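Throughout, this note's numbering is defined as the position within the sequence shown, counted from one, plus 332. Here a beta-carbon is modelled for each residue, glycine too, at the ideal position from N, C-alpha and C. On a predicted model such as this, the values are computed, not experimentally measured, just so you know. Heads up, the thing below is written out as structure tokens.
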Amino acid sequence: MITMKKIVTIQDISCFGKCSLTVALPIISAMGIETAVIPTAVLSTHTGGFEGYTFHDLSADISDISAHWKSLGLKFDAIYTGYLGSAAQVKIVSDFFDNFGDEENFIVVDPVLGDHGRLYAGFTDEFVSQMRHLCKKADYIMPNMTEASFLLGIPYREADDEYYVKDVLKRLSELGCRVPVLTGVRFGGSEGAVAYDRDTGEYYSSFGKHVERQLHGTGDIFASVFTGAVTLGKSVQQALDIAVKYISECIEVTLPCADEVWYGSCFELCLDKLIGYTKGNF
Ligand code: PXL
Numbered sequence: 333m334i335t336m337k338k339i340v341t342i343q344d345i346s347c348f349g350k351c352s353l354t355v356a357l358p359i360i361s362a363m364g365i366e367t368a369v370i371p372t373a374v375l376s377t378h379t380g381g382f383e384g385y386t387f388h389d390l391s392a393d394i395s396d397i398s399a400h401w402k403s404l405g406l407k408f409d410a411i412y413t414g415y416l417g418s419a420a421q422v423k424i425v426s427d428f429f430d431n432f433g434d435e436e437n438f439i440v441v442d443p444v445l446g447d448h449g450r451l452y453a454g455f456t457d458e459f460v461s462q463m464r465h466l467c468k469k470a471d472y473i474m475p476n477m478t479e480a481s482f483l484l485g486i487p488y489r490e491a492d493d494e495y496y497v498k499d500v501l502k503r504l505s506e507l508g509c510r511v512p513v514l515t516g517v518r519f520g521g522s523e524g525a526v527a528y529d530r531d532t533g534e535y536y537s538s539f540g541k542h543v544e545r546q547l548h549g550t551g552d553i554f555a556s557v558f559t560g561a562v563t564l565g566k567s568v569q570q571a572l573d574i575a576v577k578y579i580s581e582c583i584e585v586t587l588p589c590a591d592e593v594w595y596g597s598c599f600e601l602c603l604d605k606l607i608g609y610t611k612g613n614f
């Protein structure tokens with residue numbers, strides 16, 4: 333008998349523009365993992381470049397869904413959160429962790445806050461503070477350098493120096509999470525991610541070729557693949573390698589689609605590669 337692994341992912345639906353649930357759902361499913369979702373909000377587009385987007389908050393539904401699932405006795409191998417819509421919503425998600433987190437599963441928080449040294453539209457200091465609290469409850473967090481700076485309350489600086497990156501990771505672990513993973517780390521012509529395991533004191537890293545073009549939703553792809561890989565029993569090093577290699581592949585297939593890159597990457601065109609990496613075909 334096969335028992336499928338199950339992840340519940342909690343993030344918004346951006347109806348157009350590839351990020352959050354429209355990325356997490358196909359990617360985690362392609363990895364052979366059952367994906368339950370809790371949509372936190374419905375937006376007409378993502379907030380990274382479109383004007384006049386709509387935003388419908390679904391906070392009230394989260395507690396109802398949670399109560400129903402509790403009555404059904406549902407359990408998940410991993411709980412993974414992405415973009416959350418408001419400080420109040422972060423608190424509701426924190427309660428969800430208390431209800432569904434247990435000794436056998438793990439929690440991943442992608443603290444979606446901003447990029448290039450700035451917060452995304454609509455986010456406030458209060459939101460950052462709530463997100464910091466949520467990170468305390470996580471086993472893994474995966475901020476980019478902007479998000480790490482806001483979480484730690486330090487000035488934004490590029491993650492371009494190994495000592496600085498290691499220091500930031502240590503400080504992130506002091507927020508309370510076991511394995512912080514810093515994304516978008518750039519050393520010379522390489523870009524990738526570095527992780528720190530607080531329990532063992534080990535660092536792990538994986539790098540691909542840096543490409544100047546910024547693709548929206550790359551962080552969501554990274555977090556989805558990493559979470560899927562760890563759920564399947566891969567080590568932190570293997571999960572980093574799979575996520576970084578898939579992102580490199582996504583960038584390569586997206587660059588020729590020049591007009592579309594700011595919507596998000598053409599990750600659909602290389603899901604077959606991801607399935608191969610998941611099965612160990614590097
Ligand atoms: O990719 C992160 C993300 C998710 N969801 C929404 C966003 C963003 C980043 O801008 O706007 C709605």
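Check whether the Cβ of residue i lies closer than 8 Å to any Cβ atom in chain D.
i: Arg530; result: Any reference to chain D falls outside this structure, which holds one protein chain only.
Would you check if the distance between the CB atom of residue i and the CB atom of residue j is smaller than 8 Å?
i: Thr610; j: Leu564; result: yes
i: Ala480; j: Val440; result: no
i: Val568; j: Asp604; result: no
i: Ser537; j: Ala525; result: yes
i: Thr341; j: Gly414; result: yes
i: Lys577; j: Gly540; result: yes
i: Lys337; j: Ile365; result: yes
i: Ala491; j: Arg464; result: no
i: Met363; j: Leu606; result: yes
i: Ile334; j: Val557; result: no
i: Asp409; j: Ile339; result: yes
i: Leu501; j: Pro487; result: no
Measure the alpha-carbon distance for residue i versus residue j and round it to whole angstroms.
i: Ala571; j: Thr559; result: 8 Å
i: Leu504; j: Glu494; result: 15 Å
i: Cys509; j: Lys350; result: 28 Å
i: Leu483; j: Val425; result: 18 Å
i: Ala561; j: Ser398; result: 25 Å
i: Ala373; j: Asp396; result: 15 Å
i: Phe387; j: Asp434; result: 32 Å
i: Cys347; j: Ser376; result: 5 Å
i: Phe432; j: Arg450; result: 32 Å
i: Val422; j: Ile345; result: 16 Å
i: Ala419; j: Phe438; result: 23 Å
i: Ser361; j: Gly520; result: 34 Å
i: Gln462; j: Phe455; result: 11 Å
i: Glu584; j: Val543; result: 9 Å
i: Ser522; j: Cys598; result: 21 Å
i: Lys468; j: Pro443; result: 11 Å
For the ligand PXL, is there any heavy atom lying closer than 7 Å to the beta carbon of residue i?
i: Asp389; result: no
i: Cys589; result: no
i: Ser346; result: yes
i: Ser556; result: no
i: Leu375; result: yes
i: Cys320; result: Because residue 320 is not part of the residues shown, which for the chain are 333 to 614, the question remains open.
i: Asp573; result: no
i: Val444; result: yes
i: His378; result: yes
i: Asp552; result: yes
i: Ser352; result: yes
i: Gly549; result: yes
i: Tyr412; result: no
i: Tyr595; result: no
i: Tyr415; result: yes
i: Tyr452; result: yes
Going by other Cβ atoms of all chains shown within 10 Å of its Cβ, with 16 needed for buried, is residue i buried or exposed?
i: Ser403; result: exposed
i: Ala453; result: exposed
i: Gly417; result: buried
i: Cys582; result: buried
i: Pro475; result: buried
i: Asp393; result: exposed
i: His400; result: exposed
i: Cys589; result: exposed
i: Glu436; result: exposed
i: Gly380; result: buried
i: Asp457; result: exposed
i: Gly596; result: buried
Thinking C-alpha only, which one of the options is nearest residue i?
i: Ile553; options: Leu451, Leu507, Glu534 and Gly516; result: Gly516
i: Phe429; options: Gly449, Ile360, Ser346 and Lys407; result: Lys407
i: Thr391; options: Ala362, Asp427, Gly380 and Met363; result: Per the sequence shown, the amino acid found at residue 391 is Ser instead of Thr. Checking every option, the nearest Cα to that of Ser391 belongs to Asp427.
i: Tyr535; options: Asp447, Leu514 and Val444; result: Leu514
i: Asn613; options: Val585, Gly449 and Ile574; result: Ile574
i: Lys498; options: Phe599, Leu601 and Met477; result: Met477
i: Phe382; options: Pro588, His548, Ser522 and Glu490; result: His548
i: Gly551; options: Ala419, Ala356, Phe455 and Arg464; result: Ala356
i: Leu587; options: Val557, Gln546, Gly608 and Leu606; result: Gln546
i: Arg489; options: His448, Asp457, Leu507 and Pro512; result: His448
i: Leu507; options: Ser522, Glu523, Gly485 and Tyr496; result: Gly485
i: Gln343; options: Ser580, Lys502, Leu445 and Glu584; result: Leu445
i: Leu466; options: Glu436, Tyr496 and Tyr412; result: Tyr412
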